[in-house]
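Undergrad: Attaching a single structure in structure tokens format; questions to follow.
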Amino acid sequence: MTEKMITIIHGDEERMAEVILTYYDENSDKNYVIFEFVDSKEISAAVFVEENSNEGYFLDIETEDEWQLLEEVLASYYSSLEDE
């Protein structure tokens, strides 16, 4: 995987994160980004709303069902890495 660093700005706090993977869910028509904060190694995720081909913004994940879906996607991703 090519490293992809992003800056997460929340209020007046700015944190660097590395994108682990992106996932498009056809059922909800949402794009998700799963990332790991560089400073804490905490893994989190957000909905990515694309404004044009290179820019967009993040929205908070709103439901437990979304979190569960992303946990399953991440587990599948890690499992596929182990199989390589």
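Here the numbering used here is used: the first residue of the sequence shown is 1173, the next is one more, and so on.
C-beta: ideal position from N, C-alpha, C; glycine also.
Taking 7 Å as the threshold (C-beta atoms), are V1191 and F1207 in contact?
TA: Yes, the Cβ-Cβ distance between F1207 and V1191 is below 7 Å.
Undergrad: Helix or strand or just coil, what does DSSP make of S1252?
TA: Three-state DSSP puts S1252 in a helix.
Undergrad: What's the gap between the Cα of E1186 and the Cα of L1193?
TA: Cα to Cα, the separation comes out at about 21 Å.
Undergrad: Assign L1242 to buried or exposed, taking buried as 16 or more other Cβ atoms, counted over all protein chains shown, within 10 Å of its Cβ.
TA: L1242 is buried by the Cβ-count criterion.
Undergrad: Output the distance between the C-alpha atoms of T1235 and A1218, rounded to the nearest integer angstrom.
TA: For T1235 and A1218, the distance between alpha carbons rounds to 11 Å.
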